[in-house]
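Numbering (this note's numbering), first residue to last: 1 to 221. We treat Cβ as the ideally placed atom computed from N, Cα and C, and that holds for glycine.
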Ligand code: IYR
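Given below as structure tokens:
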């Protein structure tokens with residue numbers, strides 16, 4: 001195996017007060033993000049989505065395999081097909097598959113099998129993970145830490161969309177294999193998550209929820 005080549009990092013340390021201000025400002029910005037289910041049909045600027053995807057593509061990944069694919073859907077007919085397939089899965093989820101305990105946990109969110117946002121929102125981003133991929137010679141290579149890598153890239157994407165002034169929803173109709181068929185994605189790709197992207201309606205409401213305080217999510221040893 002050939003060794004890689006290396007270049008200087010060019011890391012620019014920041015003065016401590018600037019670090020403190022940036023960390024606080026970034027936290028304030030991210031804490032304003034909410035999962036949105038009420039979308040207007042107003043279209044999103046394509047170059048904004050493209051740059052948010054570039055930001056997602058900078059995520060670290062196992063052996064730098066970048067085992068992700070983002071399928072961006074704005075075509076109304078395709079969105080309609082996705083809604084129909086997703087609602088079919090969701091009806092089975094809410095009426096049979098979900099345990100009582102799961103339904104109870106979801107009750108505060110007010111969700112049900114009805115997913116009009118899949119058609120109304122201007123943009124859906126289906127995120128696929130690649131458990132293996134082929135090189136330019138057609139050789140198959142396994143990817144590593146695929147779930148971790150795609151989860152990190154998805155987190156970058158959600159933060160980038162929020163930073164750009166767009167709302168999104170992490171939607172996971174389960175199972176989601178129908179996305180491969182509708183979007184023409186190959187067998188080595190598994191749907192990871194469906195992101196609904198757009199602008200909230202003026203009347204959009206969100207559930208009143210709280211986030212755990214630092215003392216509950218971190219220990220300092
Ligand atoms: N996928 C279903 C159910 C659902 C599951 C979880 I975990 C949520 O946080 C929210 C919903 C739906 O989208 O309705």
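Would you mind stating whether residue 121 and residue 48 have Cβ atoms separated by less than 7 Å?
As a working mapping, residue 121 is identified with position 121 in the chain shown. As a working mapping, residue 48 is identified with position 48 in the chain shown. No; because the gap between Cβ atoms is not below 7 Å, this pair is not in contact.
Per DSSP, which residues does residue 91 bridge with? Please list them.
Position 91 of the chain shown, counting from 1, holds the residue named residue 91. Within the DSSP secondary-structure output, residue 91 pairs in no beta bridge.
Answer yes or no: do residue 173 and residue 92 have a C-beta to C-beta separation smaller than 7 Å?
Mapped onto the chain shown, residue 173 falls at position 173. Mapped onto the chain shown, residue 92 falls at position 92. With a cutoff of 7 Å on beta-carbon distance, residue 173 and residue 92 are scored as not near each other.
For the stretch 57-67 against the stretch 142-155, do three or more pairs of beta-carbon atoms, one drawn from each stretch, fall closer than 8 Å, so that the two count as touching?
Between the stretch 57-67 and the stretch 142-155 there are three or more inter-stretch CB-CB distances shorter than 8 Å, so the stretches are counted as touching.
Is residue 126 closer than 7 Å to residue 167 when the C-beta atoms are compared?
On the chain shown, position 167 is the one that residue 167 refers to. On the chain shown, position 126 is the one that residue 126 refers to. Their beta carbons are not under 7 Å apart, which means residue 167 does not touch residue 126 by this criterion.
When the Cα atoms are used, what is the spatial distance from residue 99 to residue 24?
Within the chain shown, residue 99 is the residue found at index 99, counting from 1. Within the chain shown, residue 24 is the residue found at index 24, counting from 1. Between residue 99 and residue 24, the C-alpha separation is close to 40 Å.
Grab the span of the alpha helix (DSSP H) containing residue 147 for me, first residue to last.
The residue given as residue 147 occupies position 147 in the chain shown. Per DSSP, residue 147 belongs to the alpha helix (DSSP H) from 146-163.
Alpha-carbon spacing of residue 124 relative to residue 107, whole angstroms
Within the chain shown, residue 124 is the residue found at index 124, counting from 1. Within the chain shown, residue 107 is the residue found at index 107, counting from 1. Straight-line Cα distance between these residues: approximately 25 Å.
If you draw a straight line from the C-alpha of residue 94 to the C-alpha of residue 216, how long is it?
If you number the chain shown from 1, residue 94 lands on position 94. If you number the chain shown from 1, residue 216 lands on position 216. Roughly 31 Å between the two C-alpha positions.
Okay, do the stretch 201-210 and the stretch 32-42 touch, 3+ Cβ pairs below 8 Å being the bar?
Contact check between the stretch 201-210 and the stretch 32-42: three or more CB pairs, one atom from each, fall below 8 Å, which counts as touching.
In chain order, what residues of the same chain have a beta carbon less than 7 Å from the beta carbon of residue 178, not counting five sequence neighbours either side?
Along the chain shown, one-based indexing puts residue 178 at 178. Taken in chain order, the residues that qualify are 85.
Would you mind sorting residue 128 into buried or exposed? The rule is 16 or more other CB atoms within 10 Å of its CB.
Translated into the one-based positions of the chain shown, residue 128 becomes position 128. When all chains shown are included, residue 128 counts as buried.
Could you check if residue 111 belongs to the surroundings of the ligand IYR, using beta carbon to heavy atom distance under 6 Å?
Position 111 of the chain shown, counting from 1, holds the residue named residue 111. True, at least one ligand heavy atom lies under 6 Å from that Cβ.
Whole-number beta carbon distance between residue 69 and residue 185, since they are thought to touch under 8 Å
Here residue 185 refers to the residue found at position 185 when the chain shown is read from its first residue. Here residue 69 refers to the residue found at position 69 when the chain shown is read from its first residue. About 7 Å separates the two Cβ atoms, so the contact holds.
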